[in-house]
Amino acid sequence: MFEIGEFVVYGNNGVCKIEDIGTLDVPGLPKDRVYYTLKPHKTKGGKIFTPVDNQKVIMRNVIDKEEAMELINDIVNIDSLGVMDEKKREFAYKEAFQKCDCREMVKIIKTIYTHTEERLAEGKRVSNCDERYFKMAEERFYGELAIPLEMEKDEVKEYVISRVEGLA
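Residue numbers (the working numbering): 1 to 168.
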């Protein structure tokens with residue numbers, strides 16, 4: 001069980017802070033069921049209420065600083081998704097997002113970055129699908145790393161890019 005004040009990754013909502021754990025006084029809900037009250041990190045307004053025993057949505061701890069550094073140092077070795085077919089690419093992105101895993105976000109970012117470079121070299125535009133998933137993957141990846149690295153998302157992005165360029 002998670003504790004109040006902890007940061008977790010909650011499904012497609014990304015990083016959230018646990019604000020409370022307890023029952024909810026809401027008509028129609030069981031009075032004895034225990035819920036987490038989650039506040040999406042760096043997002044104004046909104047709270048998420050999820051049962052402590054929820055098995056439908058992935059909820060995990062944010063990676064720690066050591067794991068974050070290992071991941072950053074390993075980015076050059078992480079493969080892209082390897083999906084060439086335009087019609088299958090979005091499905092691959094969705095599948096990767098459902099895993100709620102930082103390595104999967106790196107795969108998406110690398111896949112779209114490479115694909116974007118190819119399209120631009122051919123004089124073509126970047127697809128809306130690629131743009132949308134690229135932003136979402138960056139948001140999720142840098143948003144999670146910001147917690148253990150104690151930086152803002154923009155700082156994390158610059159830091160990661162400089163580290164990866166230094167390793168390449």
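A virtual CB, placed ideally from N, CA and C, is assigned to each residue, including glycine.
- In this structure, residue 157 keeps its C-beta atom at 8 Å or more from the C-beta atom of residue 133.
- Contact check for residue 106 against residue 60 fails: the beta carbons are separated by 8 Å or more.
- CA-CA distance, residue 36 to residue 100, rounds to 19 Å.
- DSSP places residue 143 in the uninterrupted alpha helix (DSSP H) bounded by 128–149.
- Listed in chain order, the non-local C-beta contacts of residue 112 below 7 Å within the same chain comprise 130, 133, 134, local neighbours out to five positions each way being set aside.
- Separation of residue 51 and residue 20 (C-alpha to C-alpha, rounded to the nearest whole angstrom) is 12 Å.
- In this structure, DSSP gives residue 32 a state outside helix and strand, which the three-state scheme calls coil.
- DSSP places residue 102 in the helix class (H, G or I) of the three-state scheme.
- Within the same chain, Cβ atoms closer than 7 Å to the Cβ of residue 80 are found at 107, 110, 111, 114, the five residues on either side in sequence being excluded.
- Of all C-beta pairs linking the region 2–17 to the region 28–42, three or more are shorter than 8 Å, placing the two stretches in contact.
- Around the C-beta of residue 145, 16 or more other C-beta atoms lie within 10 Å, and the residue is accordingly described as buried.
- Membership of residue 20 in the beta strand (DSSP E) is indicated by the continuous run 15–23.
- With 16 or more other Cβ atoms from the protein chains shown falling within 10 Å of its own Cβ, residue 160 counts as buried.
- In the three-state scheme derived from DSSP, where H, G and I count as helix and E and B as strand, residue 84 is classed as coil.
- By the Cβ-count criterion, residue 150 is exposed, with fewer than 16 other Cβ atoms from all chains shown falling within 10 Å of its own Cβ.
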